[in-house]
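Have a look at the structure below before the remarks.
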Amino acid sequence: MIRIQVLSSKGGVGKSVLSALLSLASARRGKKVILLDADPLGWSSYVLGHRGPGLIPSLLKEGRVVADTLSFSKPINDSRGSVLAVKLFGEGVRYEEDLKSVLFSEELSKAFKRALSLVYRGTADVIIADSPTMADFNSLVIKEELSVASEIFPDLVTRNLYVTDPTTLSAMNLRTFMDHVEKMRKGLMGTVINMVAPLPSAMEEAESLASTFQGVVAVIPFIERLYNTELVSPNDIPHQITELEEFIYRPTPSFALIF
Ligand SMILES: Nc1ncnc2c1ncn2[C@@H]1O[C@H](COP(=O)(O)OP(=O)(O)OP(=O)(O)O)[C@@H](O)[C@H]1O
Ligand SMILES: [Mg+2]
0 MIRIQVLSSK
10 GGVGKSVLSA
20 LLSLASARRG
30 KKVILLDADP
40 LGWSSYVLGH
50 RGPGLIPSLL
60 KEGRVVADTL
70 SFSKPINDSR
80 GSVLAVKLFG
90 EGVRYEEDLK
100 SVLFSEELSK
110 AFKRALSLVY
120 RGTADVIIAD
130 SPTMADFNSL
140 VIKEELSVAS
150 EIFPDLVTRN
160 LYVTDPTTLS
170 AMNLRTFMDH
180 VEKMRKGLMG
190 TVINMVAPLP
200 SAMEEAESLA
210 STFQGVVAVI
220 PFIERLYNTE
230 LVSPNDIPHQ
240 ITELEEFIYR
250 PTPSFALIF
């Protein structure tokens, strides 16, 4: 089992939308994908059409697992693949507080782990995990969920995919963050440089920035229809994501520049 952890040092750079698109791209190739949505707003599952509550707030509110939170599945036309979206949060900045309340209650934390185990025990080829900004392998949400995944899949391979916008400052901060995370849990897959202005000069600059990163690097322009979109479908997958997706299943380290 492969697990791609989508990470960033800056908010709003596209982690959630890219996680959703990468999941769709994989499902379109016939893979069974679990999208683990740990975005505070539940955005990656929202753009796939999930409108139910998050697992954590609903556990707190109802004291039990609400079926909706676990059963949102998006089948893909003409493909055997599918995306099963697991939405953890959805209530914004309260996410950390809610997570702690669940984990510090013996009963609720058991229910949380049981619910995740239930999903993970189903058939899947890959887990694509969207994270809150700045989350690393020490953050509570990743640590707890990863421990459930590792118990169920002793052969779990975790690989890290970083996302940044193309500004020099963001790239510099990302590099510091990457060094920190890779020291913690080595497993670089690559980097996405997202939302590059679709102008020749900006694309050229992004290309030279891309060549300074290791692993697979994909450069994705600002795409009007992806901006503030509330729903993505396989038709929205940029070709760069289609190409990037194939690297999920290749041995590490792989090197490529995707434009
Ligand atoms: N390549 C792109 N072109 C245009 N808009 C994009 C692109 N990538 C992402 N977006 C848009 O940018 C906004 C932020 O994206 P997203 O929510 O995925 O970022 P994030 O890193 O997950 O943010 P957060 O820090 O809130 O979790 C969204 O409205 C999304 O639709
Ligand atoms: Mg997000």
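Counting in numbering that gives the first Met the number 0, the sequence shown tops out at residue 258, every number present. Even glycine gets a Cβ: it sits at the ideal position worked out from N, Cα and C.
Look at Gln4 here: in three-state DSSP terms it is strand. Residue environment: Gly51 is assigned as buried (16 or more neighbouring CB atoms within 10 Å of its CB, all protein chains considered).
Relative to the Cα of Val32, the nearest Cα in the group Phe88, Met188 and Ile247 belongs to Ile247. A distance below 8 Å between beta-carbons, with the five flanking residues on each side excluded, links Asn76 to the following residues of its chain, in chain order: Pro233.
Put simply, the residues with a CB less than 5 Å from any heavy atom of ligand 2 are Lys14, Ser15, Asp38 and Trp42, in chain order.
Ser104 sits in coil when the DSSP states are folded into three classes, being neither helix nor strand. In this structure, the CA atom of Gly91 is about 13 Å from the CA atom of Leu54.
A distance below 8 Å separates the beta carbons of Phe88 and Ala37. Exclusion of the five residues before and after Thr228 leaves Val16, Val46 and Asp235 as the residues of its chain whose Cβ lies within less than 8 Å of its Cβ. In this structure, Glu242 and Arg28 do not form a Cβ contact; the two beta carbons are roughly 12 Å apart against a cut-off of 8 Å. Boundaries of the alpha helix (DSSP H) around Met177: Thr167 to Met183.
In the DSSP assignment, Arg158 falls outside any alpha helix (DSSP H) and within the unbroken beta strand (DSSP E) covering Val156 to Thr163. Sequence-distant partners of Phe254 (beyond 5 residues in either direction) whose C-beta falls short of 8 Å from its own C-beta, in its chain, are Gln213, Gly214 and Val215. For Pro197 and Ile222, the gap between their C-alpha atoms comes out near 8 Å. According to the DSSP assignment, Ala209 belongs to the alpha helix (DSSP H) that extends over Pro199 to Ala209.
Taking Phe176 as reference, the option from Leu58, Ile3 and Ser8 with the minimal CA-CA separation is Ser8. Shown here for Lys112: same chain residues with a beta carbon closer than 6 Å to its own, the five before and five after excluded, namely Val147 in chain order.
A Cβ-Cβ distance of about 11 Å is found for the pair Glu203 and Phe258, leaving them out of contact under the 8 Å criterion.
With fewer than 16 neighbouring CB atoms inside 10 Å of its own CB, Glu150 falls in the exposed class. The beta-carbon separation of Ser72 and Leu83, rounded to 5 Å, stays under the 8 Å limit for a contact.
Of the residues Ser81, Ala170 and Gly121, the one whose Cα lies closest to the Cα of Lys30 is Ser81. Per DSSP, Val82 is one residue of the beta strand (DSSP E) stretching across Ser81 to Lys86. Residues of the same chain with a CB within less than 8 Å of the CB of Met194, apart from the 5 flanking positions on each side, are Val12, Gly13, Asp164, Pro165, Ile219, Pro220 and Phe221 in chain order.
With a threshold of 7 Å, the Cβ atom of Val140 does not count as near ligand 1, since no heavy atom of the ligand is closer than that. In the DSSP annotation of this structure, the continuous segment of the alpha helix (DSSP H) that includes Thr241 starts and ends at His238 to Phe246.
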